[in-house]
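Colleague: Right, I'll just put the structure down here and ask away after.
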Amino acid sequence: RMAKLGVRNIDGYNQRLLEAKGKGEELTRTVHTGFDKETGKAIYEEEKLDLEPLPYIVIIVDEMADLMMVAGKDIEGAVQRLAQMARAAGLHVILATQRPSVDVITGTIKANFPTRISFQVTSKIDSRTILGEMGAEQLLGRGDMLYMAGGGRISRVHGPFVSDEEVEKVVRHLKSQGQPEYLEAVTAEEPTEEEGGAVFDATGMGAEGGGASDLFSQAVAIVKRDRKASTSYIQRRLQIGYNKAASLMERMENEGIVGQPNHAGKREILIEEEESGF
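In this text, residue positions in the sequence shown follow the working numbering: the first is 87, and each later residue adds one.
This is the structure:
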């Protein structure tokens, strides 16, 4: 939509629509529709634009640490692209985490979020990770915060108290604007063999070049090399979801590569390091 009006962001888009409405102007654009058969010259026509104002778009990513633990590289790249496009198009992106360590707030992410807020943290290191300098460890809590604007200047501010009644009032207002559209695929369980949609091929290695078989081979190699067999470890090493890692562990148990978990949740590794079955 913004490209059709030749504007760069949502503010410019809405302002252009407002100006056109105030002047009674009909928005059009010139489009190339073909060439004249006799002369070969390009033919242009005026296309009417039936556009509606765009709302402000706010994207909130809560608890970044949990996402980085599951798929750090993919999440970091996605957040970077999102922040870059948001800055250009006029979107608002809010990223929050309770664990401000360098493996969560990486240099790439910090570079794309110049405006930051730090509440009270436990150490000077956490303060440096967020703001680039000390100070947040001395805050009083309860809304006391340090605000760093885009230019790098830091100010001490205090967030207002928000009661439960006010939160409910805001939520009711937001719900009145329209029905939410949930992505059911986010919480949907992966298909199992009993459901006729096996995640892994039942023949062991599966078809040549199959992504699932390649992933299983990598998981087996990690268990053989590192002598560690747990769902969370496979999840971290392969940068995959918990359900997929659990499926890999279950398959390794069925094929006799690892044993069943004991009372402490640890599994015995039944395959020797020198074996090369996979």
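Backbone N, C-alpha and C define an ideal beta-carbon position, used for all residues, glycine too.
1) Using the Cβ count rule (16 or more neighbours within 10 Å means buried), how would you classify G282?
2) Our contact map puts R365 next to I357 with C-beta atoms below 8 Å; I'd like the distance itself, whole angstroms only.
3) How many angstroms separate the CA atom of S325 from the CA atom of Q206?
4) What number of angstroms, rounded off, separates the C-alpha of E138 from the C-alpha of L103?
5) Do the CB positions of M171 and I161 come within less than 9 Å of each other?
6) Taking the C-alpha atoms as reference points, what is the distance between I320 and V309?
7) Below 8 Å on the Cβ atoms is my guess for M150 versus A182; work out the distance and round it to an integer in Å.
8) So, helix, strand or coil for L232, using DSSP?
9) Just confirm the distance between the C-beta atoms of H118 and A128, as a whole number of angstroms; I'd bet it's less than 8 Å.
10) In terms of residue numbering, what span does the alpha helix (DSSP H) encompassing S249 cover?
11) Indicate the three-state DSSP secondary structure (helix, strand or coil) for K123 in the structure shown.
12) Using the three-state DSSP reduction, which class does A128 fall into: helix, strand or coil?
13) Tell me the start and end of each unbroken alpha helix (DSSP H) in the segment 293-361 that is at least 4 residues and wholly inside, in chain order.
14) Measure the alpha-carbon distance for E280 versus E336 and round it to whole angstroms.
15) If you run the structure through DSSP and keep just helix, strand and coil, what is E138?
16) Are the Cβ atoms of G163 and P200 separated by less than 9 Å?
17) Leaving out five residues before and five after A175 in sequence, what residues of the same chain have Cβ atoms less than 6 Å from its Cβ?
18) Check for me: the alpha helix (DSSP H) holding I211 runs from which residue to which?
19) Which of the three DSSP states, helix, strand or coil, is assigned to G290?
20) How would you call V190, buried or exposed, if buried means at least 16 neighbouring beta carbons within 10 angstroms?
21) Between G264 and D122, what straight-line distance do the alpha-carbon atoms span, to the nearest angstrom?
22) Just how far apart, CA to CA, sit E124 and T116?
23) Within the same chain, show all residues whose beta-carbon is closer than 6 Å to that of I180, passing over the 5 residues directly before and after it, in chain order.
24) Go ahead and pull the three-state DSSP assignment for S187.
25) Using DSSP's beta-bridge definition, name the partner residues of E133.
26) Start and end of the alpha helix (DSSP H) containing L168?
Modeller: The structure says:
1) As a working note, residue 282 is residue 196 in the sequence shown. Reliability fails at G282, whose pLDDT of 44 lies under 50, so the model's placement of it is uncertain and the value that follows must be treated cautiously. G282 is exposed by the Cβ-count criterion.
2) With the chain covering only 87 through 364, there is no way to say anything about residue 365.
3) For this step, residue 325 is matched to residue 239 along the sequence shown. For this step, residue 206 is matched to residue 120 along the sequence shown. Inspection of the sequence shows that residue 325 is occupied by Gln rather than by Ser. So the two alpha carbons sit approximately 31 Å from each other.
4) For the purposes of this step, residue 138 is identified with residue 52 of the sequence shown, where counting begins at 1. For the purposes of this step, residue 103 is identified with residue 17 of the sequence shown, where counting begins at 1. Pairing E138 with L103, the inter-Cα distance amounts to about 8 Å.
5) By one-based count along the sequence shown, residue 171 stands at place 85. By one-based count along the sequence shown, residue 161 stands at place 75. No, the Cβ-Cβ distance between M171 and I161 is not below 9 Å.
6) Here residue 320 refers to the residue found at position 234 of the sequence shown. Here residue 309 refers to the residue found at position 223 of the sequence shown. So the alpha carbons of these two residues sit roughly 8 Å apart.
7) Here the question's residue 150 lines up with position 64 in the sequence shown. Here the question's residue 182 lines up with position 96 in the sequence shown. With 8 Å as the limit, M150 and A182 qualify as a contact, their Cβ atoms being about 7 Å apart.
8) The residue you call residue 232 lines up with position 146 of the sequence shown. L232: strand per DSSP, three-state reduction.
9) As a first step, residue 118 is located in the sequence shown; it is residue number 32 there, counting from the start. As a first step, residue 128 is located in the sequence shown; it is residue number 42 there, counting from the start. Between A128 and H118 the Cβ distance is about 6 Å, and since that is below 8 Å, they are a contact.
10) Stepping through the sequence shown from its first residue, residue 249 is reached at position 163. Note, S249: premise wrong, no alpha helix (DSSP H); not H, not E.
11) Here residue 123 refers to the residue found at position 37 when the sequence shown is read from its first residue. DSSP, read as helix, strand or coil, puts K123 in coil.
12) Stepping through the sequence shown from its first residue, residue 128 is reached at position 42. DSSP places A128 in strand when its eight states are reduced to three.
13) With a minimum length of 4 residues, the unbroken runs of alpha helix (DSSP H) contained wholly in the segment 293-361 fall at 297-312, 317-324 and 328-340.
14) Numbered from 1 along the sequence shown, position 194 holds the residue referred to as residue 280. Numbered from 1 along the sequence shown, position 250 holds the residue referred to as residue 336. Low per-residue confidence applies at E280: pLDDT is 47, beneath 50, and the placement is therefore not dependable, though the value from the model is reported in the following sentence. When rounded, the distance between both Cα atoms is 14 Å.
15) On the sequence shown, residue 138 is found 52 positions in, with the first residue counted as 1. If DSSP states are grouped into helix, strand and coil, E138 belongs with coil.
16) If you number the sequence shown from 1, residue 163 lands on position 77. If you number the sequence shown from 1, residue 200 lands on position 114. No, the Cβ-Cβ distance between G163 and P200 is not below 9 Å.
17) Your numbering for residue 175 matches position 89 in the sequence shown. Closer than 6 Å at Cβ, skipping near neighbours: N95.
18) On the sequence shown, position 125 is the one that residue 211 refers to. That run of the alpha helix (DSSP H) goes K210 to L217.
19) Start at 1 with the first residue of the sequence shown, and residue 290 comes out as number 204. Confidence at G290 is low in this model, with a pLDDT of 40, below 50, so the placement of that residue is unreliable and no value is reported for it.
20) Translated into the one-based positions of the sequence shown, residue 190 becomes position 104. With at least 16 other beta carbons inside 10 angstroms of its own, V190 counts as buried.
21) Translated into the one-based positions of the sequence shown, residue 264 becomes position 178. Translated into the one-based positions of the sequence shown, residue 122 becomes position 36. When rounded, the distance between both Cα atoms is 48 Å.
22) On the sequence shown, residue 124 is found 38 positions in, with the first residue counted as 1. On the sequence shown, residue 116 is found 30 positions in, with the first residue counted as 1. Straight-line spacing of the CA atoms in E124 and T116 works out to 22 Å.
23) Taking the sequence shown and counting its residues from 1, one reaches residue 180 at position 94. The answer, listed in chain order, is I146.
24) For this step, residue 187 is matched to residue 101 along the sequence shown. The answer is coil: DSSP assigns S187 none of H, G, I, E or B.
25) Taking the first residue of the sequence shown as position 1, residue 133 is located at position 47. Its beta-bridge partners are R115.
26) Here the question's residue 168 lines up with position 82 in the sequence shown. Annotation: the continuous alpha helix (DSSP H) that includes L168 extends over M150 to A175.
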